[in-house]
Amino acid sequence: MKRSLIHVIVFFTVFLTVINLYAQVNEKIWFDGFSRSYFSRDAIDKSKIDDTISANNTSNGYNILDLNTHVNPIDDIEIFSQIRIRNSFGSFFGSGTEINVRQLSAKGVINNKVRFSIGDLFLKQSKFTLYNYNEELFGYENDMLKHYRDIIHYENFYRENRWRSQGIQTDFSFEFDRFIRSIDFDFFVTRPRGSSQINESMYSSDLLLSGGSVISKINKSLTFSGNYINLFEVASSGTHNISLRNPVHDMMLTYNFSNDKNHFEQTLQTGFSKRFWLHSELENNLEDSISNYTEGMYFVLENNYFKKDSTLSLKVGYRYVDPDFRSAGAQSRRVDYTAKRNTIYPTYTNASISRPPSIFDLVSDEQLYNQDLSSILMGFNPIYSNILPYGDATPNRSGIYMSGKFRKKNKSFISKINAGFFNEVIGQGTLEKRNFILFKGAAKINFHRFLNWKKELSVHVSSESELTRRGGDAISSLSLYSHQINTSINAEMAKKFFLQASCKQLNANGNEFLTERNNYGNITYFTSTQIDQKDYLLSFGMLYKFRDNVYANLHYNWWGVKFTDQIYSDYKFNRLLLILSVEL
Amino acid sequence: MKIKTKLIILLGLIFFIHSCTENEFEGPSIENLYGDFEINEQLKIINKNPIFSNNEVVSFHCEFNKPVQWKISIRGLTSSASREITDFSNRIDSNMIFWSGGPSQVPFFTEEVCAIELTFENEIDTLRDTINIVSKKTYENGVWFEDFEDGFPNNGLIYYNTDGGGMTFSVANDNALLGNNYFEMGGRVNWDWPLGNIDLPVNISTTSQNSDNLYINIGILSDLFDLHTGQFINILISEETNTPFNDNLDNNSSDLFESNMEVYKMKVPVDWDGWQLKSFRYSDFEPVSPNNLDINHSMNPSDIKAIRISCQACPSSPGNPICPENFGKEVRTDIDHIIFTLNSALLDQ
């Protein structure tokens, strides 16, 4: 009897504990995450290249699991961690398996009034203070290459044009019943780069980013917003007595009005920046001084029109950005041509020359991308982006721009265009100024919607052109034209099973001067460059969508570059790619 | 606000911004960078009869129409000593570009006539002139030096592998870098790396400079006759403060270079003909035992207690064939004038 009683007590104790734990899992801890299996096999076509050094083909692959743990110890606080388990193909019994903490943060609400976040933050302000602009070739691309883009964005923490940083953020708002309707505040302090040892006795300084935003809805139609950001170094945290200061001020007025079917929005935005290096803690008690001081302003006037049924939107604007406007938060680029190298066949030919990046590398290689803010203007490749390499915040630009989107109500036809006419505010290396013409257009036809088919059949076409010209004498004049076309077809052969094909080609022809800058961002030299190249990327493959965000993809890519009268040799490669992507 | 008023304000703003545009350009002039090269101001030499012993300098001035890679070559017509000064600019500024009488490498200049040449990369223009050195530059001995002029120091130690062939670990006087004497280090030890070394006690405890500002300069002599391609010198510097220089009298080496002591090293491959004066910043030396956590590796020049100059070469005998192509070849890494200088290398003074 006694024994039976003990069994019953033990059974109920264990059973109730399990129930309690299960309840905790449900209420206080929950999980989600992401998993990806990736395998690629790249091969070089040696019939086109004099190369006996490079391997004929290479294969790479990995499995990753990003496990997100959300812990809610109390209702108003959530602690989040993302643990990555990565196993490269070819590793064996744990060798080659990495486990990393990829993200860690805590967020909550104090007294139902003030929100806060600590740890990994994803920050965005206005397009001139803190904004992670999309990389080149993005935006008018076909769906077939979307999985490559998704990987690049996921691996580099690119979310909604935000920069990832570690620090603390808080926001709160007030509502009023007279004079103004509401006012919202947001403040943050982050450390994009910590102090690090350069050599035995030298340490770099901490780099901090602080900022704040105020958004006030004055009345139903009028909204005012102001942003401030400052990227600065703390000289005392390192051994350098020279520290960066880059404050940027921004304000914007938005006026909205609408009727039953249409909505209009007018925006007036302006601001200014300063950038200098502070020399402090000088020997012999000398007073602090500054060097390389620059200041610049910008001005934007923009008009937007939307049809309320979302079938049409138009935008027309004028933008002026000073040559000396500098904003590290808005002018840091995603693609870093100077510090990064191609992952696939970084060198080629028997001379082992560095292989210049092609559109395929930009589309597929996440290692070419940057996650750090840069205090000076980063280099860019004029072939892929010469007009607005730093997005709307590109300095030394003045001009008008317009864009539009149109779609049929049943989404059988979707199109968008984007055009701009800019010129430099002052010349570079000459009094003559560059003139720029930008035109991009894309259209997608969903035949299945036209024909009322259940299975999808769609064709996508896009074209992007950039023309840069500068007059003047024979030495300084230039003309560069680049044109990119994309076509793709997507056909659902069986339920959730698609066949896909796409062609992407870029032609660039002309001449340009590449700017070289010193450590303080001042132009030191212009390298004359002749350009005549053709990049291409052909793809064919199949896709099986288990459901949204869960798919398996098998592709074959033919890609390469043809150079005419260039120092580089043509190259041609093939890739077989398999991706299984699961969002948990 | 009426649309007409808005339009007027907008046009006014655009006109205002447009009129603010400065009539200038960013960066250097492209016309200058890519136009024909021209010399705007001829080469001027200030002080053509320098007395370098009085710390006089010779200054140069010249101006061109665009930035170019230029080179000033100074060659002693008697000593064959030479000095080169190079830069990339459109101006040779006499306030910044000057010569204080030292060579780029030994031999040293003497009282002699020197030919001056100014050349430009990718341009055919060459500007020539001469100067006459009235009194040659004199060098100070630094915070510590050894020139072997009084023979091998009494408190120093010499060790070499006595089983080797043609071992030359002794003071010689036939081909010194400066003065009369130098120290020969060479021979043949085909089966092992070390041939031998000399250890010298050092005391620079009054030095307050940090390791970035201490330079170790040493003259090294070799030849290319049947060169041993794997020969090198290892310079070891000890900051061991608790052990006497020669604690164990049974060996011919100092006891300050053990693996559990704070010792730093610099490896110098030797593959040239004749004398060369090499200079090394102390902070560029590496710890000998970096993984020994019991050693506090914090370089402090005032704690330097000894220096070891070690002659080594990769073994070549069939029993240990690391570089068999060097079998039977003589190693030669003779040395002279070991000088510790502060703030700059000897030839940069």
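Listed in order, the protein sequences are those of chains A and B.
Counting from 1 along the first sequence, just add 76 to a position and that's the residue number in the working numbering.
Counting from 1 along the second sequence, just add 79 to a position and that's the residue number in the working numbering.
The beta-carbon is built from N, C-alpha and C at its ideal position, and this holds for glycine as well.
**OP:** Could you spell out where the beta strand (DSSP E) holding residue 251 of chain B opens and where it closes?
**Re:** Here residue 251 of chain B is taken as the residue at index 172 of the second sequence, counted from 1. From DSSP, the beta strand (DSSP E) with residue 251 of chain B extends over 249-251.
Subject >> Inter-stretch contact at 8 Å, needing at least 3 Cβ pairs: the region 603-612 of chain A / the region 394-405 of chain A >> reply: no
Original post:
Under a three-way DSSP split, which group does residue 108 of chain B fall into?
Top reply: The sequence position of residue 108 of chain B within the second sequence is 29, counting from 1. Residue state, collapsed to three classes: coil.
Original post:
Who are the neighbours of residue 504 of chain A on chain B, taking C-beta pairs under 7 Å?
Top reply: As a position in the first sequence, residue 504 of chain A is number 428, starting the count at 1. Under the 7 Å cutoff, chain B gives 104, 105 and 106.
Original post:
The alpha helix (DSSP H) with residue 405 of chain A in it runs from where to where?
Top reply: As a first step, residue 405 of chain A must be located in the first sequence, where it is residue number 329. Counting along the chain, the alpha helix (DSSP H) containing residue 405 of chain A begins and ends at 404-407.
**OP:** Using the Cα positions of residue 245 of chain A and residue 199 of chain A, report the straight-line distance between them to the nearest angstrom.
**Re:** Against the first sequence, residue 245 of chain A aligns to sequence position 169. Against the first sequence, residue 199 of chain A aligns to sequence position 123. Straight-line Cα distance between these residues: approximately 9 Å.
**OP:** Identify every run of the beta strand (DSSP E) within the region 243-317 of chain B, keeping only runs that are complete inside it and at least 3 residues long; order them along the chain.
**Re:** 249-251, 261-263, 273-280, 293-301 and 310-317
Original post:
At which residues does the beta strand (DSSP E) containing residue 262 of chain A begin and terminate?
Top reply: Counted from its first residue, the first sequence places residue 262 of chain A at position 186. 258-269 is the span of the beta strand (DSSP E), which, as asked, contains residue 262 of chain A.
Original post:
If you check the beta carbons only, do residue 516 of chain A and residue 207 of chain A fall under 8 Å apart?
Top reply: Residue mapping note: residue 516 of chain A aligns to position 440 of the first sequence, counting from 1. Residue mapping note: residue 207 of chain A aligns to position 131 of the first sequence, counting from 1. Their beta carbons are not under 8 Å apart, which means residue 516 of chain A does not touch residue 207 of chain A by this criterion.
**OP:** Within the same chain, show all residues whose beta-carbon is closer than 6 Å to that of residue 592 of chain A, passing over the 5 residues directly before and after it, in chain order.
**Re:** What you label residue 592 of chain A is simply residue 516 of the first sequence in a count that begins at 1. Hits under 6 Å: 600 and 601.
Subject >> From A:552, A:567 and A:557, residue whose alpha carbon lies closest to that of residue 529 of chain A >> reply: Here residue 529 of chain A refers to the residue found at position 453 of the first sequence. Comparing Cα positions, the closest option is A:567.
Subject >> Residue from B:367, B:124, B:191 and B:145 whose Cα sits closest to the Cα of residue 344 of chain B >> reply: Translated into positions along the second sequence, residue 344 of chain B becomes position 265. When each option's Cα is compared against that of residue 344 of chain B, the closest is B:367.
**OP:** Take residue 494 of chain A and list the residues in its own chain whose beta-carbon comes closer than 6 Å to its own, dropping the five residues that flank it on each side.
**Re:** Counting from 1 along the first sequence, the entry for residue 494 of chain A is found at position 418. Result list for residue 494 of chain A: 479 and 516, in chain order.
Subject >> Neighbourhood of residue 97 of chain A by C-beta distance below 6 Å, restricted to the same chain and skipping five residues each side >> reply: Position 21 of the first sequence, counting from 1, holds the residue named residue 97 of chain A. Per-residue confidence for residue 97 of chain A stands at a pLDDT of 40, beneath the threshold of 50, marking its modelled position as unreliable; the derived number appears in the next sentence. The answer is none, since no qualifying residue turns up.
**OP:** Taking residue 293 of chain B as the query, report the chain A residues whose CB atoms sit under 7 Å from its CB, ordered along the chain.
**Re:** Translated into positions along the second sequence, residue 293 of chain B becomes position 214. Near residue 293 of chain B there are no residues of chain A at all, since even the closest Cβ is about 12 Å away, more than 7 Å.
Original post:
Helix, strand or coil for residue 311 of chain A per DSSP?
Top reply: For the purposes of this step, residue 311 of chain A is taken as residue 235 along the first sequence, with counting starting at 1. Helix.
Original post:
Who are residue 538 of chain A's beta bridge partners in DSSP?
Top reply: As a first step, residue 538 of chain A is located in the first sequence; it is residue number 462 there, counting from the start. Residue 538 of chain A is bridged to A:518 and A:562.
Original post:
Taking Cβ-Cβ distances shorter than 7 Å, what residues in chain B pair up with residue 604 of chain A?
Top reply: Residue 604 of chain A sits at position 528 when you count from the first residue of the first sequence. Those are 113, listed as they occur along chain B.
Original post:
Of the choices B:272, B:261 and B:210, whose alpha-carbon is the least far from that of residue 124 of chain B?
Top reply: Translated into the one-based positions of the second sequence, residue 124 of chain B becomes position 45. Checking every option, the nearest Cα to that of residue 124 of chain B belongs to B:210.
Subject >> Residues sharing a beta bridge with residue 344 of chain B, DSSP >> reply: Taking the first residue of the second sequence as 1, we reach residue 344 of chain B at position 265. According to DSSP, residue 344 of chain B bridges with B:315 and B:365.
Subject >> Inter-residue spacing [alpha-carbon to alpha-carbon] between residue 227 of chain A and residue 655 of chain A >> reply: The residue labelled residue 227 of chain A in the question sits at position 151 within the first sequence. The residue labelled residue 655 of chain A in the question sits at position 579 within the first sequence. Each residue's Cα considered, the two are about 10 Å apart.
Original post:
Residues of chain B with a CB under 8 Å from the CB of residue 591 of chain A: which are they?
Top reply: Along the first sequence, read from residue 1 onward, the residue named residue 591 of chain A stands at position 515. Simply 106.
Original post:
Is any beta-carbon of chain E found at less than 8 Å from that of residue 507 of chain A?
Top reply: The displayed structure is made up of protein chains A and B, and chain E is not among them.
**OP:** Taking only beta-carbon positions, decide if residue 110 of chain B is within less than 8 Å of chain A.
**Re:** Counted from its first residue, the second sequence places residue 110 of chain B at position 31. Cβ-Cβ to chain A under 8 Å: yes for residue 110 of chain B.
**OP:** Using a cut-off of 8 Å between C-beta atoms, extract the partners of residue 599 of chain A located in chain B.
**Re:** Locating residue 599 of chain A in the first sequence gives position 523, counting from the first residue. The contacting residues are 105, 106 and 107.
**OP:** Determine the contact status of residue 410 of chain A and residue 456 of chain A, defining contact as a CB-CB distance below 8 Å.
**Re:** Position 334 of the first sequence, counted from the first residue, corresponds to residue 410 of chain A. Position 380 of the first sequence, counted from the first residue, corresponds to residue 456 of chain A. It is not a contact, given that the beta carbons lie outside the stated cut-off.
Original post:
CB-CB under 6 Å to residue 309 of chain B, same chain, minus the five flanking residues each way: which ones, in chain order?
Top reply: As a first step, residue 309 of chain B must be located in the second sequence, where it is residue number 230. Excluding sequence neighbours, residue 309 of chain B sits near 392, 393, 402 and 405.
Original post:
How many angstroms separate the CA atom of residue 378 of chain B from the CA atom of residue 327 of chain B?
Top reply: Numbered from 1 along the second sequence, position 299 holds the residue referred to as residue 378 of chain B. Numbered from 1 along the second sequence, position 248 holds the residue referred to as residue 327 of chain B. The straight-line gap from Cα to Cα measures roughly 26 Å.
Subject >> residue 262 of chain B versus residue 138 of chain B - alpha carbon distance >> reply: By one-based count along the second sequence, residue 262 of chain B stands at place 183. By one-based count along the second sequence, residue 138 of chain B stands at place 59. Each residue's Cα considered, the two are about 38 Å apart.
Original post:
What number of angstroms, rounded off, separates the C-alpha of residue 582 of chain A from the C-alpha of residue 556 of chain A?
Top reply: Locating residue 582 of chain A in the first sequence gives position 506, counting from the first residue. Locating residue 556 of chain A in the first sequence gives position 480, counting from the first residue. In a straight line, the C-alpha of residue 582 of chain A is about 13 Å away from that of residue 556 of chain A.
**OP:** Mind the definition here: the region 376-396 of chain A touches the region 559-576 of chain A only if three or more C-beta pairs lie below 8 Å; say whether that holds.
**Re:** no
Original post:
Can you list, in chain order, the residues of its chain whose CB lies under 6 Å from that of residue 273 of chain B, leaving out five sequence neighbours each side?
Top reply: Here residue 273 of chain B corresponds to residue number 194 of the second sequence, with the count starting at 1. Answer for residue 273 of chain B: 391, listed in chain order.
**OP:** Anything in chain B within Cβ reach of residue 552 of chain A, meaning under 9 Å, just list it in chain order.
**Re:** Residue 552 of chain A sits at position 476 when you count from the first residue of the first sequence. Chain B residues near residue 552 of chain A: 108, 109, 110 and 113.
**OP:** Could you tell me the distance, in whole angstroms, from the CA atom of residue 129 of chain B to the CA atom of residue 641 of chain A?
**Re:** In the second sequence, residue 129 of chain B corresponds to position 50, counting from 1. In the first sequence, residue 641 of chain A corresponds to position 565, counting from 1. Between residue 129 of chain B and residue 641 of chain A, the alpha-carbon positions lie close to 53 Å from each other.
**OP:** Taking a Cβ distance cut-off of 8 Å, strictly less, list which residues of the region 626-655 of chain A are near chain B, in chain order.
**Re:** none
Original post:
For residue 611 of chain A and chain B, any beta-carbon pair shorter than 8 Å?
Top reply: For the purposes of this step, residue 611 of chain A is identified with residue 535 of the first sequence, where counting begins at 1. Taking Cβ atoms only, chain B never reaches closer than 8 Å to residue 611 of chain A, which makes this a no.
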